[in-house]
Amino acid sequence: MRKMCLQMVHELARHDERVVFMGSDLGHGTLAEMQSELPDRFYMEGISEMNLVGMAAGLAMEGAVVYANTIATFLTRRSFEQVAMDVCHANLPVRLIGNGGGLVYAPLGPTHEATEDLAIMRALPNMTIVAPADAEEMRQFMRVSVDHDGPIYIRLAKGYDPVVTDPEAPFEIGRAVSLREGADAVIVTTGIGPRIALEAAKRLAQRGIDAGVLHLPTVKPLDLDALEARIAAVPVVVSVEEHSLIGGLGSAVAEFIAEAGFTTPKHFRRIGLPDAYPTRYGSQASQLEDFGVTAERVEATVAELCGSARTVAGLGTMQRKGDGKWQSRMISSHPSTQGQRGTALPG
Amino acid sequence: MDLQRRPNAVDWRGLATPLDTRSKALREDVLEIFESSRRGHLGSTFSLIEIIRVLYDDILRYDAARPDWSGRDRFILSKGHGCLALYVVLADKGFFPRDELAKFCAPDGILGGHPDHKKVPGVEASTGSLGHGASIGAGMALHGMRTNSKHRVVVVLGDGECNEGSVWEAAMSAGKHGLSNLTFVVDYNKCQSYGTTREVQDLEPFADKWRSFGCAVQEVDGHDVRGLRATFNALPFDGRRPNVVIAHTVKGKGIPEAEFNTAYHHKSGMNDDEIAGYRAALGSYR
């Protein structure tokens, strides 16, 4: 996916002279072909992310469409104020390519694990956030990224992730993608989540539970129409993401459900990372396992909530929101982090 | 500030420089703004008047009727809190109606306590958080260089602002790219918010710092209109490196009580008597 993203920057630059690439000393051989072919549109700056983003803003003010590439934590944490004021407040066409979204850099520890990047970027007005699922979706997204008004944060996954999207489907920024229909539940997800969600849906089908999968590659702005249509039709909603339970896709969907005014109650649960810094190394896969961001976990959660929904529907208590009995049915039987609803396991 | 305690290692040019009619008139305009706003960064503005005046009177190319004219020189006031100096000059040049000045910081005004490029014609970049303008200017200059554009980019920095690491990131990058179309002007008034630059975060040897980052440096009395004009007219200094003009200025220049007085960095709740006092002091300034 990373390779595809960068290749596409080169490809776009060949056809559009506004396109400029900027990096921050990352990494060996990055876009070497572009550097030799288009040297006036390839700039490798030092390890200076604040300057990188500020300069990108200056270039964009002059009409360039700048793709600024470095590690996600440094883009979102180190240069946050430049992103906020120079890029978002000015609403400029700067594309921030965040390498290592989520737990990709698990072996490198918390300095490099972007587990709250979506939350940070979501809070910024004018920011668009895109987290494609695979290289093919990245290709389709990159094609439409050039002419998008305003800034975009692009969350890169590890790479070589299995392709779960339709390679021929054009990407529309702000549009959700239905990967599976389902009458009993909907699993909403983003980034590398579809693989987990689809596997869970497959397992649920074997248990007689018909769960759909709605992929939201654009985390901001959310496709509210798609969310409303899909959630209105089912009693159970589970979000799964490689991100903190605070402020990511699950939070966004929770906010939506809370205010959507659905006439029937929704059994909703977020699956994501706990409100804690990772304390172990290992791999992205092992950490996802540690934190319970797995197909098995999604399966169990959906099944549990579907069971609750059926019980409550049978008791005819669906109209009595706020009922203490109802509330107790919503609490997860899984261990969760202290003071934190949701189904993240402790780190 | 006790002048006897001023350290010797820095340049105190600007202290005795007289102010001419135009310099006093622009400061009068700022005092007029205070009559409605009752607040503003007095000291930080008064050190900056001659720098901005000379740039807009004699150096920068622009068209006030077409603030977005592509051939304009780009000017960024990175020390955004000195915006009153910019506002009175932009109003004087006709970028926006003078009556906007009376609405400084008012809910329906375009002129805020820090300049917003979306609201104020002639303001190139929104600033106020220190340490941003140098990189934005470097990006603009890089774009100008790679597209063979003739326009120049001038960024005014505060001395306290140069505590920010991002300023030096930008300086390194500007040096690396040889951005001779970029000029950093430092309003070196020797005072920041809490105290003197010497006390809070010494910048010396300041010119050497800039030189070591790959910039061509000249120093000038920041209140000497002729000296500023000659310095800016000498741009680019060597055609290979970014330019730095260290303008030795006096915080609060024009009102003796406010000069080098950190209590005047920002004033709020000014009453009529205070403003009348400033006006009298300015009128009789040498």
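Residue numbers (this note's numbering), protein chains in the order written: chain W, 1 to 347; chain R, 1001 to 1286. A virtual CB, placed ideally from N, CA and C, is assigned to each residue, including glycine. Every value quoted in this text rests on a predicted model; they were computed, and no experiment measured them.
Cβ-based contacts, 7 Å cut-off: residues of the segment 1145 to 1179 of chain R near chain A: Note that chain A does not occur in the displayed structure, where the protein chains are W and R.
CB of R:Ser1078 within 8 Å of CB of R:Arg1053, strictly: no
Presumed contact (8 Å Cβ cut-off) between W:Leu350 and W:Val213, rounded CB distance: Any answer about residue 350 of chain W is impossible in this case: the structure gives chain W only from 1 up to 347.
Segment limits, alpha helix (DSSP H) that includes W:Gln35: Ala32 to Glu37
Cβ separation of W:Val53 and W:Asp86, assumed to be a contact under 8 Å, to the nearest whole Å: In this structure W:Val53 is in contact with W:Asp86, their Cβ atoms being roughly 6 Å apart against a cut-off of 8 Å.
Unbroken alpha helix (DSSP H) run spanning W:Gln206, endpoints: Gly193 to Gln206
Exposure of R:Ala1230, with buried meaning 16 or more beta-carbon neighbours within 10 Å: exposed
Short CB-CB distance (under 8 Å) between R:Gly1254 and chain W: no
Pairwise C-alpha distance: R:Ile1275 and R:Ala1016: 23 Å
Continuous beta strand (DSSP E) assignments of at least 3 residues falling wholly in the segment 1124 to 1191 of chain R: Qualifying beta strand (DSSP E) stretches, in chain order: 1153 to 1158 and 1182 to 1188.
In DSSP terms, what W:Thr218 is bridged to: W:Val130
CB contact below 8 Å: W:Ser48 versus chain R: yes
Span separating the alpha-carbon of W:Ser286 from that of W:Pro107: 10 Å
DSSP three-state assignment for W:Ala295, whether helix, strand or coil: helix
Straight-line Cα distance separating R:Arg1098 from W:Ile97: 44 Å
Test item: CB-CB of R:Leu1288 and R:Gly1122 under 8 Å: A question about residue 1288 of chain R goes unanswered here, because the residues of chain R that appear run from 1001 up to 1286.
Rounded C-alpha distance that separates R:Gly1233 from R:Asp1273: Going by the sequence as given, residue 1233 of chain R is Asn instead of Gly. Cα-Cα distance, rounded: 41 Å.
Residues within the segment 177 to 207 of chain W neighbouring chain R, beta-carbon criterion of under 8 Å: Within the segment 177 to 207 of chain W, contact with chain R at the beta-carbon level (separation under 8 Å) is assigned to no residue.
Inter-stretch contact (C-beta, 8 Å, three-pair minimum) for the segment 201 to 219 of chain W and the segment 227 to 234 of chain W: yes
W:Ser286 in three-state terms, based on DSSP: Helix at W:Ser286.
Closest residue to R:Asp1116 among R:Gly1175, R:Leu1084, R:Ala1065 and R:Ala1141 (Cα-Cα distance): R:Leu1084
Length at least 4, wholly inside the segment 91 to 155 of chain W: the alpha helix (DSSP H) runs in chain order: 117 to 122 and 135 to 145
Contact under 8 Å by Cβ, W:His148 with W:Thr189: no
Contacts around R:Phe1075, its chain only, beta-carbon distance under 7 Å, and the 5 residues preceding and following it disregarded: Leu1055, Leu1060, Glu1124 and Val1154
Continuous beta strand (DSSP E) assignments of at least 3 residues falling wholly in the segment 239 to 291 of chain W: 267 to 273
Where W:Asp134 meets chain R, residues with beta-carbon distance less than 9 Å: Chain-ordered listing is empty here: chain R has no CB closer than 9 Å to the CB of W:Asp134, the nearest sitting near 33 Å.
CB contact check: R:Tyr1285 to chain W, cutoff 8 Å: Using a Cβ-Cβ cut-off of 8 Å, R:Tyr1285 does not count as an interface residue toward chain W, since no Cβ of chain W sits closer than that to its own.
Whether R:Phe1184 touches R:Val1088 by CB criterion (8 Å): no
Contact residues within the segment 136 to 156 of chain W, judged by C-beta distance below 9 Å to chain R: none
Cutoff 8 Å: R:Leu1111 Cβ touching any chain W Cβ: No, no contact with chain W.
Distance CB(R:Ile1033)-CB(R:Phe1104) smaller than 8 Å: yes
Identity of the residues DSSP links to W:Asp223 by a beta bridge: For W:Asp223, which the question treats as bridged, DSSP gives no partner whatsoever.
Residue environment, W:Val239, which counts as buried when at least 16 other CB atoms sit within 10 Å: It should be pointed out that residue 239 of chain W corresponds to Ser in this sequence rather than to Val. It is buried - the Cβ of W:Ser239 has at least 16 other Cβ atoms within 10 Å.
According to DSSP, residues forming a beta bridge with R:Lys1024: Its beta-bridge partners do not exist; DSSP assigns none.
Backbone CA spacing between R:Leu1086 and R:Asn1181 [nearest angstrom]: Between the C-alpha atoms of R:Leu1086 and R:Asn1181 there is a straight-line separation of about 21 Å.
Same chain only: Cβ atoms within 6 Å of W:Thr218, ignoring 5 sequence neighbours per side: Apart from the 5 residues on each side of it in sequence, W:Thr218 sits with its Cβ closer than 6 Å to the Cβ of Val130, Ile173 and Gly174 in its chain, given in chain order.
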